[in-house]
Amino acid sequence: MPSPPNFSGRLSTFNASRTLMDSFNASPLSLNSKRKKNRVATKIQALFRGHNTRRKVKASKKKKQSRIRRALSKLDAPMLDLGRLLSSSGRTLRSNRKY
Numbered sequence: 011m012p013s014p015p016n017f018s019g020r021l022s023t024f025n026a027s028r029t030l031m032d033s034f035n036a037s038p039l040s041l042n043s044k045r046k047k048n049r050v051a052t053k054i055q056a057l058f059r060g061h062n063t064r065r066k067v068k069a070s071k072k073k074k075q076s077r078i079r080r081a082l083s084k085l086d087a088p089m090l091d092l093g094r095l096l097s098s099s100g101r102t103l104r105s106n107r108k109y
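Residues in the sequence shown are numbered from 11 upward in steps of one, following my numbering.
Okay, here's the thing in structure tokens:
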């Protein structure tokens, strides 16, 4: 006859050993639920794998864009200086470059 759980919240040794035996002799229903839990866990892991990949791609894209922007500003520096020179003399020079 199984003993009731202790009032301390712990299971008696009989119930603990019974759950251990049940894990060895698992029914198909419990195996199915374990399979389902594993499938859900795998989906969650895959979701985060994709999230990390997207974050890496986004970070590298930002780095590349900032590198391009710096390179273009270095190219535009002489034009801007010329524009300042011309604007001080009353003429204007516009750059059609978009960032």
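Beta carbons are placed, not taken as given, at the ideal position from N, Cα and C, and that holds for glycine.
| Query | Result |
| --- | --- |
| Contacting residues, own chain, Cβ-Cβ under 6 Å from Y109 (five flanking each side not counted) | For Y109, the predicted structure reports a pLDDT of 47, less than 50, and the residue's modelled location is therefore unreliable. A value from the coordinates is still provided. So the list reads R79, once near-sequence residues are dropped. |
| Length of the line joining the Cα atoms of K46 and A56 | 15 Å |
| Inter-residue spacing [alpha-carbon to alpha-carbon] between V88 and K66 | Contrary to the premise, residue 88 reads as Pro rather than Val in this sequence. Approximately 35 Å between the Cα atoms of the pair. |
| Length of the line joining the Cα atoms of G93 and L85 | 13 Å |
| Straight-line Cα distance separating A81 from N62 | 29 Å |
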